[in-house]
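Residue numbers (our numbering): 57 to 510.
Printed below as a string of structure tokens:
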């Protein structure tokens with residue numbers, strides 16, 4: 057999952073970063089749109105930002121013509137402690153808080169066997185079949201750079217890439233499009249555990265980190281533009297959640313990296329390029345990689361949660377719903393004048409009560425165990441965990457919150473929910489939501505069709 061899970065942690069880091077080494081070709085000032093690299097002809101611009109992308113090899117997806125409706129396959133090829141707490145608890149080592157430390161502090165054979173068991177069981181063809189049966193047309197699949205290049209790191213590089221290829225075939229069998237998401241890069245782009253390495257983001261401080269990241273994108277673009285995949289992979293996300301709030305250097309690095317890597321993907325076979333907003337207001341990206349600057353096939357990914365600060369956690373249910381609805385006009389305004397826009401991560405959760413959501417060994421703001429000195433907002437019982445503890449009123453709210461969000465996000469180009477499944481947090485599970493009725497098995501089935509009209 058995204059996680060702003062460690063956002064507060066990152067903001068409290070006090071060490072100063074070295075001068076950035078992200079020195080890819082500059083694309084002008086931060087207010088200027090990027091252009092293709094010298095000697096590379098820009099793809100023919102689309103007439104407007106929401107023009108349908110051209111299907112490839114008999115596949116593809118008509119972005120801008122029908123809504124993206126999907127789920128993230130989170131916690132599979134990139135571990136997250138809150139999604140599979142058992143993997144981390146079973147190590148018996150409290151110092152193992154992410155996939156980096158799993159490799160660092162575990163016996164190699166033990167780590168490999170643990171990961172292989174997880175990869176072979178967590179997501180299978182049956183999951184993709186169920187996702188399609190739930191009326192969804194996309195999966196976003198996070199993967200880390202270490203699946204391709206673990207040099208100089210303790211990460212286990214084993215069968216992740218093979219499973220990604222299998223998942224693409226499973227999705228193709230089910231008629232579901234795939235958005236491949238580079239979720240972790242060398243040095244970490246945000247310091248979140250879901251980047252692979254919890255702590256201080258260092259990706260932008262070393263040019264080699266950026267070059268290694270670009271090489272992974274090249275590998276992905278070359279592979280999944282091949283005809284054998286039948287167009288199942290429609291998009292590649294260049295990097296998940298670079299922490300633009302952390303420093304101007306990191307934000308500049310991300311922006312330059314986007315401009316330089318755009319052609320890497322587009323020239324390989326016309327796959328859609330996905331960029332994340334780097335936690336900036338969408339207006340920051342006005343005019344960047346848009347059709348009227350000579351770019352095409354670019355999509356903006358923005359992530360929206362209401363659980364990672366005390367103000368939002370204090371919302372009552374109607375405020376959660378109205379806040380969700382207010383996002384619709386903002387998203388559509390940017391999308392209409394710039395790029396296709398998809399909310400690539402969001403959830404029906406309204407608390408941070410899920411075990412390890414804020415990091416292994418870190419408590420929840422909601423019940424006062426986070427450790428920031430703030431008082432509890434409420435009791436976590438019945439807010440997360442097993443759905444059998446959820447009240448009828450809470451399940452009704454979950455349904456309303458789901459409907460409010462999809463109503464808002466479909467004012468742009470759609471949504472991809474975080475995430476399909478997890479071990480202990482049913483409020484975050486699309487699978488459990490469908491099974492227990494607060495998420496419909498047909499996304500067009502709305503019990504509250506006017507929820508954002510009040």
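Every residue gets a Cβ at the ideal spot worked out from N, C-alpha and C, and that includes glycine.
Query                                                                                                                        : Result
Supposed contact pair residue 153 and residue 137 - C-beta distance, whole angstroms, cut 8 Å                                : 7 Å
Alpha-carbon spacing of residue 381 relative to residue 406, whole angstroms                                                 : 15 Å
Proximity of residue 383 and residue 464 at Cβ, strictly below 8 Å                                                           : yes
Three-state class that DSSP yields for residue 139 in the structure shown                                                    : coil
Simplified DSSP assignment, three categories, for residue 477                                                                : coil
Within 8 Å, strictly: CB atoms of residue 484 and residue 403                                                                : yes
Beta-bridge partners of residue 291, as assigned by DSSP                                                                     : 235, 328
Residue interval of the beta strand (DSSP E) (run including residue 397)                                                     : 396-401
Nearest to residue 213 (by Cα), restricted to the options 177, 134, 271                                                      : 134
Status (buried if at least 16 other CB within 10 Å, exposed otherwise) for residue 351                                       : buried
Straight-line Cα distance separating residue 299 from residue 306                                                            : 7 Å
Delimiting residues of the beta strand (DSSP E) encompassing residue 128                                                     : 124-128
Simplified DSSP state of residue 429, which is helix, strand or coil                                                         : coil
According to DSSP, residues forming a beta bridge with residue 357                                                           : 332, 398
Bridge partners - residue 471, DSSP secondary structure assignment                                                           : 125, 399
Burial state of residue 255 (16 or more Cβ within 10 Å)                                                                      : buried
Span of the alpha helix (DSSP H), counted from its first residue to its last, around residue 386                             : 373-393
Cβ pair count under 8 Å reaching 3, the stretch 113-129 against the stretch 187-194                                          : yes
Delimiting residues of the alpha helix (DSSP H) encompassing residue 174                                                     : 164-178
Enclosing beta strand (DSSP E) for residue 159 [first to last residue]                                                       : Careful: residue 159 lies outside any beta strand (DSSP E), inside the alpha helix (DSSP H) at 155-161.
Nearest residue (CA-CA) to residue 387, options 221, 504, 468                                                                : 468
CB of residue 210 within 8 Å of CB of residue 160, strictly                                                                  : yes
Cβ distance (whole Å) where residue 201 is taken to contact residue 269 below 8 Å                                            : 6 Å
Beta-bridge pairing of residue 194 - partner residues as DSSP gives them                                                     : 126, 233
When 295, 460, 433 are compared against residue 422, the one with the closest alpha-carbon                                   : 433
Residues of its chain near residue 163, where Cβ-Cβ distance is below 6 Å and the 5 sequence neighbours each way are ignored : none
Residue closest to residue 455, alpha-carbon to alpha-carbon, out of 497, 481, 441                                           : 497
CB contact flag (residue 503, residue 466, <8 Å)                                                                             : no
Residue nearest to residue 166 in terms of C-alpha spacing, selected from 181, 156, 175, 147                                 : 147
Whole-number beta carbon distance between residue 156 and residue 253, since they are thought to touch under 8 Å             : 4 Å
Boundaries (first-last residue) of the alpha helix (DSSP H) holding residue 452                                              : 448-465
Selected residue, minimal CA-CA separation from residue 179, among 216, 359, 289, 149                                        : 216
Where residue 283 falls, given that 16 or more other Cβ within 10 Å makes a residue buried                                   : exposed
First and last residue of the uninterrupted alpha helix (DSSP H) at residue 118                                              : Element bounds for residue 118: n/a, residue is neither H nor E.
Beta carbon proximity, residue 293 to chain D, threshold 8 Å                                                                 : Reference to chain D is not applicable here, since this structure consists of a single protein chain.
DSSP bridge partner residues for residue 300 (one or two, in chain order)                                                    : None; residue 300 has no bridge partner.
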